[in-house]
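S.K.: Can you read through this structure? Questions will come right after.
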Amino acid sequence: MEIPSKYLPTSVESKWYEYWMKYNFFHSTPDERTPYTIVIPPPNVTGILHMGHMLNNTIQDVLIRRARLKGFNACWVPGTDHASIATEAKVVAKLKEQGIDKADLSREEFLKHAWDWTHQYGGVILEQLKKLGCSCDWDRTKFTLDEDMYASVIKVFVDLYNKGYIYRGYRMVNWDPQAKTTLSDEEVIYKEQNGKLFYLKYYIVDENASTSQNGDFLMVATTRPETIFGDVAVCINPNDERYKHLKGKKVIVPIVNRVVPIIEDEYVDIEFGTGALKITPAHDKNDYEIGEKHKLEIIDAFTDEGKLNAYGLHYEGKDRFAVRKEIAKELEEKNLLEKVENYLNKVGTSERTGAVIEQRPLDQWFLKMEELVKPAISSVLENEEIHFFPKRYENTYRHWMENIRDWNISRQLWWGQQIPAYYISSPNPSEGGEFPKELERQFVVAENEEEARKLAIEKFPILAEVKGGFYLRQDEDALDTWFSSWLWPMSVFGGILNPDNEEYKYYYPTNDLVTGPDIIFFWVARMIMAGYEFKGKKPFTNVYFTGIVRDKQGRKMSKSLGNSPDALKLIDDFGADGVRVGLLLSSAAGNDLLFDEALCQQGSGFANKIWNAFRLVKGWEISEANQSENKRIAIEWYRNKFQKVLAETEDDFAKYRISDALMKIYKLVWDDFCSWLLEMVKPAYGQPIDQKTFAEIIAIFEDNLKLLHPFMPFITEEIWQHITERKPQEALVVAKYPEITSFDEQILAEFDTAAEVISGIRTVRKEKNIPFKEEMPLSVLNNEQTATTFDVIIAKLGNLSELKYVIQKVEGAISFRVKSNEYFIPLSGSVNVEEEIKKLEEELKYTQGFLASVEKKLSNEKFVSSAPEKVVEMERKKQADALAKIETIQESLKNLRG
726 MEIPSKYLPT
736 SVESKWYEYW
746 MKYNFFHSTP
756 DERTPYTIVI
766 PPPNVTGILH
776 MGHMLNNTIQ
786 DVLIRRARLK
796 GFNACWVPGT
806 DHASIATEAK
816 VVAKLKEQGI
826 DKADLSREEF
836 LKHAWDWTHQ
846 YGGVILEQLK
856 KLGCSCDWDR
866 TKFTLDEDMY
876 ASVIKVFVDL
886 YNKGYIYRGY
896 RMVNWDPQAK
906 TTLSDEEVIY
916 KEQNGKLFYL
926 KYYIVDENAS
936 TSQNGDFLMV
946 ATTRPETIFG
956 DVAVCINPND
966 ERYKHLKGKK
976 VIVPIVNRVV
986 PIIEDEYVDI
996 EFGTGALKIT
1006 PAHDKNDYEI
1016 GEKHKLEIID
1026 AFTDEGKLNA
1036 YGLHYEGKDR
1046 FAVRKEIAKE
1056 LEEKNLLEKV
1066 ENYLNKVGTS
1076 ERTGAVIEQR
1086 PLDQWFLKME
1096 ELVKPAISSV
1106 LENEEIHFFP
1116 KRYENTYRHW
1126 MENIRDWNIS
1136 RQLWWGQQIP
1146 AYYISSPNPS
1156 EGGEFPKELE
1166 RQFVVAENEE
1176 EARKLAIEKF
1186 PILAEVKGGF
1196 YLRQDEDALD
1206 TWFSSWLWPM
1216 SVFGGILNPD
1226 NEEYKYYYPT
1236 NDLVTGPDII
1246 FFWVARMIMA
1256 GYEFKGKKPF
1266 TNVYFTGIVR
1276 DKQGRKMSKS
1286 LGNSPDALKL
1296 IDDFGADGVR
1306 VGLLLSSAAG
1316 NDLLFDEALC
1326 QQGSGFANKI
1336 WNAFRLVKGW
1346 EISEANQSEN
1356 KRIAIEWYRN
1366 KFQKVLAETE
1376 DDFAKYRISD
1386 ALMKIYKLVW
1396 DDFCSWLLEM
1406 VKPAYGQPID
1416 QKTFAEIIAI
1426 FEDNLKLLHP
1436 FMPFITEEIW
1446 QHITERKPQE
1456 ALVVAKYPEI
1466 TSFDEQILAE
1476 FDTAAEVISG
1486 IRTVRKEKNI
1496 PFKEEMPLSV
1506 LNNEQTATTF
1516 DVIIAKLGNL
1526 SELKYVIQKV
1536 EGAISFRVKS
1546 NEYFIPLSGS
1556 VNVEEEIKKL
1566 EEELKYTQGF
1576 LASVEKKLSN
1586 EKFVSSAPEK
1596 VVEMERKKQA
1606 DALAKIETIQ
1616 ESLKNLRG
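Residue numbers for the sequence shown follow the numbering used here, so the first one is 726 and each next one is one higher.
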């Protein structure tokens, strides 16, 4: 097979991906091997690949490919999430463009449009993951609205309801006016915003006239004057001496002219604002709790879209933020606004749409969390069944789990699993019969309407006697998307519907979860809860939290900022392997990645380096000659170096330091293999290499490819298949990972010394303009009693005519040191000794000056005590290097002067 002169990723990547798919290398079925299982964090079904996906899925692919090479039955389950809020919003927007209002459609009609949208755009991201090289078991692809996945969610809802964990309650919840649905507490992001604090006048009602006002007023500070239409009281702290005279009195709400009582509650902060708080139970959860405590009326002044309703009087139909501006003017005109101050406060926004959320009391479905969290807390924080990487996220997890609230699981959406609650209602009046009024608001929870009907009659026997029968109306709401994805590790293997099936017992619990810390509450914690509740087992053993991909300025990448590169274009420009390496080289677990395309360029350059090394090796002619000593020792050294790196990367993977593992392999291949080993064994120009050395170099190259394959699957498979003709079952993707054996630290240390010597020789050649092709002698004053193992290597790579050991310094020679050994290179006749002395004297003077400046800094106690430890350490290294250099220059001057 002819080897192209250049590595062209575009022609290679699709070829090998199709090859892997053709021979089903990614597919897994239960067998006698130990399983290694990952489930993908399901991206939104209509999403497209972005940098976060690239990082997350590259890490997963590294783990799964490595497990496959190590002989595990590797199974990576892909899939997508129906993403209720995001997808429904897109469908609604599309319908709007077509002049269709969702409100004019039935649920069935809307869902048809939603499925059309999903079929048109859904799954694009999974195809994009293939371009990245992701080796998922595509036969197992799941969608959270697949029939079995849907049924799993409904079954779990019914189970939890029957256990008493799910209940319906009238509670204060978060409302997204843009998506027109409730959100859980975890879906609200609090952002600091510059706002205003408005000081309003609430006039005191005259005691002698129930509705008239006197000249006195109570000052109330608020950031939201548009909510005064829902005011039902003003609250003061009973310990506030300023307002004792107002106890039991009433005030008039500005503009609204509603008379409301002044109530007392210690909740009010005497120090904030004026110490008087307007109470709007329909628009603030704290106000709602005060309202319940004092049995106050609830007045909701907003529509679902965040506009003022009829309670808003002449502002009806206007947006809440527009009203805030307009009402301030009206209040000022009517002398009801005392002053306005700038105010920095935290505003809750929707995690999905970015809209400012409203807090509203609504009938919703909730999941009790108090019992569910207990095993999930102990598994991570006590018995360590589940491990977080980095470990610091355990603190984040602990804080949330120990302060958890009941989960609002209902959403006012149609795209999703419809809540399986059925409300009992009377038959059509024309059919006659009287329906018991006490049953009108009753409901039953069942997996389908048929079961619900049986359950209703069982629960309320009187229904069997109702003339004309009765109707069941299913709850209109859908379940929170996370209520389906919290079952993901179980439901993808059929573990909810059929917990005794072979695959579920084989693959569950899974091994590793790779995800972002931003969904530790939404998903990670809830999956752990679900695992223990429904299986009595952890869902996974390790959780690897990736960092956030940011731009060079440290900003999170986003469409709105326009700072996120096109993921597919990066692959086209640098190759999938180049992008993967670029992302991983600087992406330690949990640490944010400052992305720069130069990283991908570095990855692409590495691929080219490997390709050129392969072309060099395959270009050698082979002879039947015996292996020379320099080649034998070079190969022995590299094999020991390889084993050392293999052991170190095993430790890195065990600690999920994947970036560190890649860097070690990168250096092994680039520096030790390409720059050192190949130079040591390379035959002279036009000369052949012996068969034994060639075979050993090929074997080493193959081991290198195995280490690299999880990170760079395409180029490694391409080279692997070029090395020799192979059968499908011999493909690199399913090859056997190298096994760890012992290694000799001594030979590694001896080589490191030899490498320093070679570097010293090359430096002298460069500085003294001694051509490499010109042989020269080297004398060694072996103070260290260094082994001579690598002398043949030093002689070859230094192009020495002679390497001899001496017992005293060599005069008239340039010298350099490695540890306490001295190495002498006599100056050739073309070198002017006086000029060399002059150069060295100038260099000595400069270095001594540099040393003085460093030592001055280190003698400054304030600098040493206050500067970061790394900075001080760097200065001390500069000092040590300068001292060593001065000593070397002085020795060279001494030798030259004789």
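Heads up, the beta-carbon is just placed ideally off N, CA and C, and yes, glycines get one too.
Measuring alpha carbon to alpha carbon, tell me which of Leu780, Thr771, Ala792 and Phe797 ends up nearest Asp756.
M.R.: Phe797
S.K.: Give a yes or no on whether 8 Å exceeds the smallest Cβ distance from Leu971 to chain C.
M.R.: Of the chains in the structure shown, none is chain C; there is only one protein chain.
S.K.: Using CA coordinates, which residue listed in Gly1330, Ile1440 and Ile1360 is at the minimum distance from Leu1625?
M.R.: Because residue 1625 is not part of the residues shown, which for the chain are 726 to 1623, the question remains open.
S.K.: Would Thr1418 pass as a contact of Lys1356 if the rule is Cβ separation under 8 Å?
M.R.: Lys1356 is positioned such that its CB atom lies closer than 8 Å to that of Thr1418.
S.K.: Looking at Arg790 and Pro1453, is the spacing between their C-beta atoms short of 8 Å?
M.R.: no
S.K.: I want to know whether the segment 1096-1115 touches the segment 865-880 - three or more CB-CB distances under 8 Å.
M.R.: no
S.K.: Please name the residue, chosen from Ala1146, Asp1029, Gly998 and Phe1046, that lies closest to Lys1064 on a Cα-to-Cα basis.
M.R.: Checking every option, the nearest Cα to that of Lys1064 belongs to Gly998.
S.K.: Name the two residues that bound the continuous beta strand (DSSP E) containing Asn1267.
M.R.: From DSSP, the beta strand (DSSP E) with Asn1267 extends over Asn1267 to Phe1270.
S.K.: Taking the alpha carbon of Ser730 as the reference point, which residue from Asn1333, Phe1515 and Glu1481 has its own alpha carbon closest?
M.R.: Asn1333
S.K.: Tell me which same chain residues have a C-beta within less than 6 Å of the C-beta of Tyr761, skipping the five on either side of it?
M.R.: So the list reads Ala792, Phe797, Ala799 and Asn1236, once near-sequence residues are dropped.
S.K.: Leu1319 bridges to which residues according to DSSP?
M.R.: According to DSSP, which records beta bridges pairwise, Leu1319 is partnered with Arg1275.
S.K.: Could you spell out where the beta strand (DSSP E) holding Leu1525 opens and where it closes?
M.R.: Leu1525 to Val1531
S.K.: Is Ile1444 a contact residue of the ligand FMN, with contact defined as CB to any heavy atom under 7 Å?
M.R.: In the structure shown, the ligand FMN is absent, as is every other ligand, since no ligand is present at all.
S.K.: Would you check if the segment 1443-1457 and the segment 1414-1433 touch, i.e. whether three or more CB-CB distances between them fall below 8 Å?
M.R.: yes
S.K.: Between which two residues does the alpha helix (DSSP H) harbouring Arg1357 extend?
M.R.: Glu1354 to Ala1379
S.K.: Quick check: Gly804 and Val1268, are their CB atoms within less than 8 Å of each other?
M.R.: Not in contact: Gly804 and Val1268 (Cβ atoms no closer than 8 Å).
S.K.: When DSSP builds the beta bridges, which residues end up paired with Ser1135?
M.R.: Leu1204
S.K.: Within the segment 1219-1267, note down every full alpha helix (DSSP H) run reaching 4 residues or more, in order along the chain.
M.R.: 1227-1232 and 1251-1259
S.K.: Whose C-alpha, out of Met1599, His1008 and Lys1018, is nearest the C-alpha of Glu989?
M.R.: Lys1018
S.K.: Based on the DSSP output, what are the partners of Thr805 in its beta bridges?
M.R.: Phe868
S.K.: Roughly how many angstroms lie between the CA atoms of Ile1144 and Glu822, to the nearest whole one?
M.R.: When rounded, the separation of the alpha-carbon atoms in Ile1144 and Glu822 is 30 Å.
S.K.: Out of Arg1622, Asp1376 and Lys855, point me to the one whose CA is closest to Glu1536's CA.
M.R.: With distances taken between Cα atoms, Glu1536 lies closest to Arg1622.
S.K.: With C-beta atoms as the reference, is Val1543 less than 8 Å away from Trp1213?
M.R.: no
S.K.: Classify Phe1046 as buried or exposed, calling it buried when 16 or more other Cβ atoms lie within 10 Å of its own Cβ.
M.R.: exposed
S.K.: Helix, strand or coil for Ser1545? Go by DSSP, reduced to three states.
M.R.: coil
S.K.: Just the C-alpha distance for Glu1427 and Pro734, rounded to the nearest angstrom, thanks.
M.R.: A straight line joining the alpha-carbon of Glu1427 with that of Pro734 spans about 20 Å.
S.K.: Can you list, in chain order, the residues of its chain whose CB lies under 6 Å from that of Thr1005, leaving out five sequence neighbours each side?
M.R.: Thr952, Gly955, Asp956 and Asp1012
S.K.: Report the residue from Gly858, Ile1023 and Gly777 whose alpha carbon sits nearest the alpha carbon of Tyr895.
M.R.: Ile1023
S.K.: Can you name the start and end residues of the beta strand (DSSP E) that Gly894 belongs to?
M.R.: Ile891 to Asp901
S.K.: Excluding the 5 residues preceding and the 5 following Leu1038 in the sequence, name in chain order all residues of the same chain whose CB lies nearer than 8 Å to its CB.
M.R.: Phe954, Ile980 and Val981
S.K.: Reducing DSSP to helix, strand and coil, say where Thr936 ends up.
M.R.: No answer about Thr936 holds up, because its pLDDT of 47 lies below 50 and its placement is not dependable.
S.K.: Could you spell out where the alpha helix (DSSP H) holding Gln1471 opens and where it closes?
M.R.: Glu1470 to Glu1492
S.K.: If contact is defined by three or more beta carbon pairs under 8 Å, each pair taking one atom from either stretch, is the segment 1174-1189 in contact with the segment 1235-1254?
M.R.: no
S.K.: For Glu1500, which residues from the same chain have a beta carbon less than 7 Å from its beta carbon, with the 5 sequence-adjacent residues on both sides left out?
M.R.: Asn1524, Leu1525 and Ser1526
S.K.: Taking Cβ positions, are Glu718 and Ile1390 nearer each other than 8 Å?
M.R.: An answer regarding residue 718 cannot be provided, because it is not within the stretch 726 to 1623 covered by the chain.
S.K.: Would a C-beta distance cut-off of 8 Å place Ile1383 and Ile784 closer than the cut-off?
M.R.: yes
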